[in-house]
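Sequence lines, in order, name chains A and B.
Under this note's numbering, think of the first position of the first sequence as 74, with each following residue one higher.
Under this note's numbering, think of the first position of the second sequence as 715, with each following residue one higher.
Glycine included, every Cβ here is placed at the ideal spot set by N, Cα and C.
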Amino acid sequence: MSKLKSLTKKQLFLPIFSMILVMLINVIYDMACGNAPLSFFQIGIKNGFLYGRLIDVLNRGSEVAILAIGMTLVVSSSAGTDISVGSVMSLSGGFCCMLLAGYGVARANSYALPLWVGLLGGILIACVCGLFNGFLVAYLNIQPMVATLILWSAGRAIGLLLCNSQIVYVRVPSFQILGAYVGFLPTPILIAAFCIVIAALILRFTALGTFIQSVGINKKAARISGFNSARIILITYMICGLCAGIAGLTATSRIYSADTNNIGLNMELDAILSVALGGNSLGGGKFNLSGSIIGAYTIQAITTTMYALGISSAQAPVFKAMVVILIVVLQAEPVKDYFRKMTAKKAAKEAKAA
Amino acid sequence: MLRKKLSVLLAAAMVAAAVVGCGGADQTAAPADNAAPAEEAAPAEDAAPAEDAAAEGGEEAAPAASGDVITVGYAQVGHESDWRTANTQNYQDVFSEANGYELSLIDCDNDNAAQLEAVRNFITQQLDYIIIAPIETAGWDTVLQEAQDAGIPVIIADREIAADASLYDAWVGTNTKNEGITAGNWLAEYLDGKEANILVIEGSVGASATLGRSEGFKEVADQHSEWKILDSQSGDFTQDGGQEVMESFIKSYEGQFNVVVCHNDNEAYGAMDAMNAAGITYGVDGDVILISFDATHDGLQYTLDGKINCNVECNPIQAATVAEVIQKMHNGESFEATTLVNDEAFVAPGIESQYATTMTEDVLAGRAY
């Protein structure tokens, strides 16, 4: 009992609990339909590839998980959100495909430039976008949402311009590697895992995490204690841009084309939501990266669940909203306080009875 | 002081952003060949007063005032897809100076307000005919009334409009419901009474193409008791969406389905990738019959390769039909209030059908979009 109590007090308890709750919906549905109750969790190998709903969640959730890393840092350092990440994804994918196919070419069956040039180009342009956002926020003190609004609208437009307003297809098998499979594993899962591990290592073994949090808690105080607050904010926005670039290239490689109109569409909202679902305050300061990552996969779990349940696409947003409301309410401070009070009362009663 | 500096910088950033924005818009339009006609519209504006003077002098009808040249304004939706680009190109080819027309084509970039503005401009310029491919169905009453008051005939092209039929003169376009019916009829012919377990990957929720294609296909499906639509989900007309929905379908209905209907070609590409990964065969030699819509160049390539069994087109080549209506109006002959542009369907080599053309290299070569 005491073990369970200490478990519920852990910061990650609620995000994980919400994710399990979402997946439980599937178990209930499968039982009601007479399917194997745990079919959602079944993982197997089919046609030489990993196969299963859980794999779908991990695979399809990769982009948002990668974005969530950058978004968490940005939220922590600047108490604001970077709403340009979806557009930057599209821009980086568009630029990469333009380099690989050549300007104005809609279908390419061979590379115009080596693959690494395209990928590097995509990553670099995303980093430049991050730098631009960071400069506006850190050095010009523009509200993060306003500053990133510029690239939110312009990023996708520039991508369209680079792609000559067409969907640019790069039909070379090696280009699909980022979005397809390595051996039996879907590559996006590996990319996301790689990004998460790198981020975790940096935060653990350098003081960057502490710097970011102190800047987020009190920018002035951090500056007086000797941190270069502006530079730290700039760095977080650059990391966010880098993450958007990686996510953009993954999404582009999945469909081996730069569909600049649709890549990363509304994904900034998913990224922000995953930070919130992870139990992080959007007011900046202390952050918990694992929470955001779990939040990202929770969002994908909701989407996958909706497909599994066969909820019609017109009703799906309502269902999604209901689940999100439930999770957010569970994590709201007043609700937490209420439960805390209830347990305290109970304990007091028990003590009295004893 | 600091605040002043900041405000100056902010202003500079805003100007820079505006320049970037404008530059983007201009240049995105340019490659789609839409900039040229837009520029041509400018001299037409200049010429308008001169024409007015001529009209005042002679009190003649507008067409006569501008000689034999018929001036036509086309408020195009935008350039969001290959289909739209082909549609624009088609109008430029048909309404050419060589054919006796002067076309003012405005690319409205999917902006409803810009389109209303474009039509008002056409009215001020006193063009002979106005063609509108409406971005939104509603909200047209006022501007159509203005056109009617100015005595300019209006033709609605391509999409439906929610206005009283008395406010415009003719409608020319495709019927997405018919496309769905064609797909259904072809499937019935192909299956010849065999069972069908169907999965549908729909387009964007609420889009007219989605509604029409679903409705038409369902109408045929309802007549066949041996058909069952197992599930229907939206793939948002994108390749990624099609792939994700198909991945889920495969898990939910493993080994239970033999027909997949995708509402556009991009979704079909995604569905094919998902089936490839799961080792499911499709197309002419496969276990699953794949039906797609749009029939773009790439889609038809897959049809020719036998990967897509049947691809139903949504024909962007509509200008000739519109020109026919305009000629009839111009000569004072009677014309049809609504004209349907013929949509074709294409089937993979090895399939013969009364509803569709069998794909060959030649058909593909003639496909520009």
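inquiry  = Quick check: is the beta carbon of T952/B nearer than 8 Å to any beta carbon in chain A?
reply    = Judged by the 8 Å Cβ criterion, T952/B is in contact with chain A.
request  = Please list the partners that D821/B has in chain A, where partner means a Cβ-to-Cβ separation under 9 Å.
outcome  = Near D821/B there are no residues of chain A at all, since even the closest Cβ is about 10 Å away, more than 9 Å.
task = Report the neighbours of S330/A on chain B: residues whose CB is nearer than 8 Å to its CB, in chain order.
result = The answer, in chain order, is Q953.
ask   = Grouping DSSP H, G and I as helix and E and B as strand, with all else coil, what is T742/B?
value = Any reading at T742/B must be qualified, since the residue scores a pLDDT of 37, below 50, and its modelled position is unreliable; the value itself is stated next. Shown here, T742/B sits in a helix according to DSSP, grouped into three states.
request  = Please work out which residues of its chain come closer than 8 Å, Cβ to Cβ, to L85/A, disregarding the five sequence neighbours upstream and downstream, and give them in chain order.
outcome  = G352, N361, S363, G364 and I367.
query = By a C-beta neighbour count over all protein chains shown, 10 Å radius and 16 as the cutoff for buried, is G920/B buried or exposed?
reply = The C-beta of G920/B has fewer than 16 other C-beta atoms within 10 Å across all chains shown, which makes the residue exposed.
ask   = Can you list, in chain order, the residues of its chain whose CB lies under 7 Å from that of S112/A, leaving out five sequence neighbours each side?
value = The residues are D103.
query = Between the beta-carbon of S306/A and the beta-carbon of A211/A, is there less than 8 Å?
reply = Note on identity: in this sequence residue 306/A is Ile, with Ser being the wrong assignment. Between I306/A and A211/A, the C-beta gap is smaller than 8 Å, which places the two residues in contact.
task = Tell me where the alpha helix (DSSP H) around K422/A begins and ends.
result = From DSSP, the alpha helix (DSSP H) with K422/A extends over E406 to A426.
ask   = Between the region 297-305 of chain A and the region 375-387 of chain A, do at least 3 Cβ pairs fall closer than 8 Å?
value = Because the criterion of three Cβ pairs below 8 Å is not met, the region 297-305 of chain A and the region 375-387 of chain A do not touch.
ask   = If you measure from the beta carbon of T377/A to each beta carbon in chain B, is any gap under 8 Å?
value = Chain B has a Cβ within less than 8 Å of the Cβ of T377/A.
inquiry  = At 3 residues or longer, what runs of the beta strand (DSSP E) sit wholly inside the region 207-256 of chain A?
reply    = Runs of the beta strand (DSSP E) inside the region 207-256 of chain A: 241-243.
request  = Taking only the alpha-carbon atoms, compute the straight-line gap between A752/B and N813/B and give it to the nearest angstrom.
outcome  = In this predicted model, A752/B has a pLDDT of only 38, less than 50, meaning its place in the structure is not dependable; the value taken from the coordinates is given anyway. Rounded to whole angstroms, A752/B to N813/B spans 19 Å at the Cα level.
request  = Could you check what DSSP says for V919/B in three-state terms: helix, strand or coil?
outcome  = Shown here, V919/B sits in coil according to DSSP, grouped into three states, outside any helix or strand.
inquiry  = Please classify Y176/A as buried or exposed, where buried requires at least 16 neighbouring CB atoms within 10 angstroms.
reply    = So Y176/A counts as exposed.
query = With distances taken between CB atoms, is the gap from I915/B to A935/B smaller than 8 Å?
reply = With respect to the 8 Å criterion, I915/B and A935/B are not classified as neighbours on the basis of their beta carbons.
message = Does R1081/B come out as helix, strand or coil in the three-state DSSP assignment?
response = Of the three classes helix, strand and coil, the one that applies to R1081/B here is coil, per DSSP.
query = Run through DSSP, which three-state label would K83/A get?
reply = Looking at K83/A - three-state DSSP - the assignment turns out to be coil, as it is neither helix nor strand.
ask   = Going by DSSP, what residues sit across from S330/A in a beta bridge?
value = Y242/A.
inquiry  = Would I845/B and G787/B qualify as a contact pair, given that the criterion is a beta-carbon distance under 8 Å?
reply    = Remark: C-beta atoms of I845/B and G787/B approach each other more closely than 8 Å.
ask   = What is the C-beta distance between I1031/B and Y843/B, in whole angstroms, given that I count them as a contact (C-beta under 8 Å)?
value = About 19 Å; that fails the 8 Å criterion.
query = Distance, Cα to Cα, G926/B vs R277/A?
reply = Roughly 56 Å separates the two Cα atoms.
ask   = Of the residues K891/B, A876/B and N892/B, which one's Cα is nearest the Cα of W885/B?
value = Comparing Cα positions, the closest option is A876/B.
request  = Give me the Cα-Cα distance between E423/A and M415/A, rounded to the nearest whole angstrom.
outcome  = Between E423/A and M415/A, the C-alpha separation is close to 12 Å.
Cut-off 6 Å between Cβ atoms - residues of its own chain near D945/B, not counting five sequence neighbours on either side = Within the same chain, D945/B has close Cβ partners L913.
inquiry  = Using DSSP's beta-bridge definition, name the partner residues of N1025/B.
reply    = In the DSSP assignment, N1025/B is bridged to S1006/B and F1060/B.
inquiry  = With three or more beta-carbon pairs closer than 8 Å as the criterion, would you say the region 888-904 of chain B touches the region 854-866 of chain B?
reply    = No contact exists between the region 888-904 of chain B and the region 854-866 of chain B.
ask   = Cα separation between M92/A and M144/A?
value = Cα to Cα, M92/A sits roughly 20 Å from M144/A.
request  = Identify, in the order they occur along the chain, each residue of the same chain with its Cβ nearer than 6 Å to the Cβ of K359/A, setting aside the five sequence neighbours on each side.
outcome  = Scanning its chain for C-beta atoms nearer than 6 Å, with the 5 sequence neighbours on each side dropped, one finds around K359/A the residues Q286, in chain order.
query = Mind checking whether A264/A and M218/A have CB atoms under 8 Å apart?
reply = A small correction: the amino acid at residue 264/A is Ile; Ala does not occupy that position in the sequence shown. In this structure, the beta-carbon distance from I264/A to M218/A does not fall below 8 Å.
Cβ-based burial, T279/A [other Cβ within 10 Å; buried from 16] = Classified as exposed, T279/A has fewer than 16 neighbouring CB atoms from the shown chains inside 10 Å of its CB.
message = Counting C-beta neighbours from all protein chains within 10 Å, is the total for Y411/A 16 or more, i.e. buried, or is it exposed?
response = By the neighbour-count criterion, in which 16 or more other beta carbons inside 10 Å mark a residue as buried, Y411/A falls on the exposed side.
task = Please state whether DSSP places S939/B in a helix, a strand or coil.
result = DSSP places S939/B in the coil class of the three-state scheme, outside both helix and strand.
request  = Give the interface partners of H793/B over in chain A, defined as CB-CB distance under 8 Å, in chain order.
outcome  = Residues of chain A whose Cβ lies closer than 8 Å to the Cβ of H793/B are, in chain order, S238.
query = From G949/B to S880/B, what does the alpha carbon distance come to, in whole angstroms?
reply = C-alpha separation (whole angstroms): 37 Å.
ask   = Applying the criterion that 16 or more other CB atoms from any shown protein chain within 10 Å of the CB defines a buried residue, is A230/A buried or exposed?
value = Around the beta-carbon of A230/A, 16 or more other beta-carbon atoms lie within 10 Å, marking it buried.
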